[in-house]
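Heads up: the structure comes next, in structure tokens.
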Amino acid sequence: MKIYNVGLIGFGFIGKVHAYSHLNIPLFYDQRKFGSRITRVCTSQPATAAKAAEQLGTAQAVTDYREITENPEIDIVDICTPNDRHFEALLSAIRHQKHIYCDKPLTATWAEAEALRAELPKYRGVSQMTLQNRFFPVTLRAKQLIEEGRLGEILEFRASYLHSGSSDPKAPLKWKLSGAAGGGVVADLGSHVLDLMNCLLGEFRELSAVTHTAYPERPSAGDPKRLVRVDAEDNMFVTVRLPNGACGTISASKIATGTEDELSFEIYGSRGALRLAPMDLHRLYFYDRLASAAPLGGVRGWTAIDCGQRYDYPAGFPTPKAPMGWLRGHMHCLYTFLESVHRGEPLGPTLEQGVYLQYLLEQVKTSAATRSWIRL
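In terms of the working numbering, the sequence shown opens at residue 1 and continues consecutively.
So this is what it looks like as structure tokens:
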């Protein structure tokens with residue numbers, strides 16, 4: 001069994017999500033060809049690095065990302081830092097030909113993404129972006145149905161990703177709300193829903209966007225009594241046109257009061273339609289327009305497809321019928337990456353897709369700032 005040594009850069013919320021997946025994949029996938037072991041963990045402070053290493057049990061604590069990206073013992077660089085700290089670690093990992101697993105978005109700015117794109121022709125490693133919403137059975141099945149032609153020509157669509165944490169004016173200005181740190185809802189939730197619809201529907205032809213910042217000031221994360229200026233958006237609404245002329249809307253928000261973690265979409269075609277309901281990753285809803293409507297309605301109507309955890313072998317634990325959870329999509333995203341590393345064949349979405357996604361985010365922001373349609 002080939003074990004790949006992993007260096008984890010960052011051990012905040014998403015770092016723990018990635019660590020959870022590395023640690024638990026052996027329980028969920030019945031194969032003995034490859035696996036991963038976190039042998040280094042990097043955070044900015046010695047105390048937090050030491051705590052992370054203690055929690056992981058197998059890792060050495062470091063505070064300089066280069067002790068991972070330049071370490072010949074490390075096979076995989078797993079990047080989980082805030083967005084504005086991705087670039088230097090990515091550049092080093094690319095130049096040292098490491099396999100790379102990088103949380104979205106690729107970088108904090110389009111200029112950084114362009115600089116990385118210039119490095120990719122010389123890169124020989126296998127890469128993947130952490131875009132876990134592609135890796136739930138419901139979204140994998142949706143893509144299959146579209147590619148099989150079961151929807152026919154796409155006529156219109158809607159998609160949204162809604163949170164409510166920023167609807168409270170007293171919510172502190174942490175890095176995900178800071179434009180200077182590469183935050184804002186476009187980069188955070190917008191990257192997920194834009195990528196998913198790009199994955200399902202293919203290339204976009206043009207877009208027009210608006211954004212809104214609910215509160216011009218928020219309490220400082222370090223000192224709640226001090227107000228600081230907000231420099232990033234709280235929501236986005238994007239109208240997208242496909243190459244065939246079909247239009248749809250893609251939105252993301254952190255000020256949708258009452259929502260939790262609500263990803264949803266509706267895709268309507270000439271032959272059929274698909275729906276993903278918010279907070280229901282277990283079922284995909286499919287409508288077949290060609291089904292008989294007679295007598296008395298026949299069998300035409302919305303079908304709830306119980307996708308559950310019905311991944312292909314070697315996935316199997318705990319059971320295909322168990323309700324699907326958010327962490328399970330992350331685990332299958334990482335497993336796909338590890339499989340691609342072992343095969344020596346990128347299965348995607350690769351760093352190149354990360355560059356393209358960063359381009360889309362930049363065009364959304366530009367359109368919102370200029371109040372104009374942008375040809376892609």
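Ideal Cβ positions, reconstructed from N, Cα and C, are used throughout, including at glycine.
All values derive from a computational prediction rather than experimental measurement.
Exercise for the section: Take L131 and list the residues in its own chain whose beta-carbon comes closer than 6 Å to its own, dropping the five residues that flank it on each side. Expected result: K104, D195, P349
Practice task
Compare the C-alpha of K33 against each of S292, L338, I79, L347 and name the closest.
Solution key: L338
Practice task
Report the rounded CA-to-CA distance for I94 versus I38, giving the unit in angstroms.
Solution key: 19 Å
Problem - Per DSSP, cross-strand counterpart(s) of V355 - result: Its beta-bridge partners do not exist; DSSP assigns none.
Exercise for the section: Could you tell me whether the Cβ atoms of M236 and A214 are closer together than 8 Å? Expected result: no
Practice task
Would you decide whether G7 is buried or exposed? Buried here means 16 or more other CB atoms lie within 10 Å of its CB.
Solution key: buried
Handout entry: Any beta strand (DSSP E) of 3 or more consecutive residues that is wholly inside the stretch 99 to 172
Key = 99 to 103, 127 to 130, 154 to 162
Handout entry: First and last residue of the uninterrupted beta strand (DSSP E) at D195
Key = No beta strand (DSSP E) holds D195; the alpha helix (DSSP H) holding it covers 191 to 201.
Practice task
Check whether the Cβ atoms of E70 and H86 sit closer than 8 Å, and answer yes or no.
Solution key: no
Practice task
Say whether the stretch 145 to 158 touches the stretch 271 to 283, bearing in mind that this needs 3 or more beta-carbon pairs closer than 8 Å, one atom from each stretch.
Solution key: yes
Handout entry: Spatial distance of S92 from V126 (CA atoms)
Key = 15 Å
Practice task
Out of L23, K143, D231, R124, point me to the one whose CA is closest to M331's CA.
Solution key: L23
Handout entry: Option in D231, G308, Q363 with minimal Cα separation from R328
Key = G308
Problem - D75 (DSSP reduced to helix, strand or coil) - result: coil
Handout entry: W326, enclosing beta strand (DSSP E) - first and last residue
Key = Here W326 belongs to no beta strand (DSSP E); instead the alpha helix (DSSP H) covers 326 to 343.
Exercise for the section: Excluding the 5 residues preceding and the 5 following A53 in the sequence, name in chain order all residues of the same chain whose CB lies nearer than 7 Å to its CB. Expected result: V41, A59, Q60, A61
Problem - Per-residue DSSP class, three states only, for K51 - result: helix
Exercise for the section: Mind checking which residues open and close the alpha helix (DSSP H) that includes H18? Expected result: 13 to 28
Exercise for the section: Please report how far the alpha carbon of I3 lies from the alpha carbon of S21, in whole angstroms. Expected result: 15 Å
Exercise for the section: Please classify W373: does DSSP put it in a helix, a strand, or coil? Expected result: coil
Problem - Opening and closing residue of the alpha helix (DSSP H) in which H86 lies - result: 86 to 95
Practice task
Could I get the ranges of all uninterrupted beta strand (DSSP E) runs contained in the stretch 196 to 240, with 3 residues as the minimum, in chain order?
Solution key: 206 to 212, 217 to 219, 227 to 229
Exercise for the section: With a cut-off of 8 Å on the beta carbons, I'd call R241 and R205 a contact; round off their distance for me. Expected result: 5 Å
Exercise for the section: In the DSSP assignment, find the unbroken alpha helix (DSSP H) run with R275 in it and report its ends. Expected result: Element bounds for R275: not the alpha helix (DSSP H) but the beta strand (DSSP E), 272 to 276.
Problem - Helix, strand or coil at N244 [DSSP, three-state] - result: coil
Handout entry: Residue from P295, D280, L276, L281 whose Cα sits closest to the Cα of Y287
Key = L276
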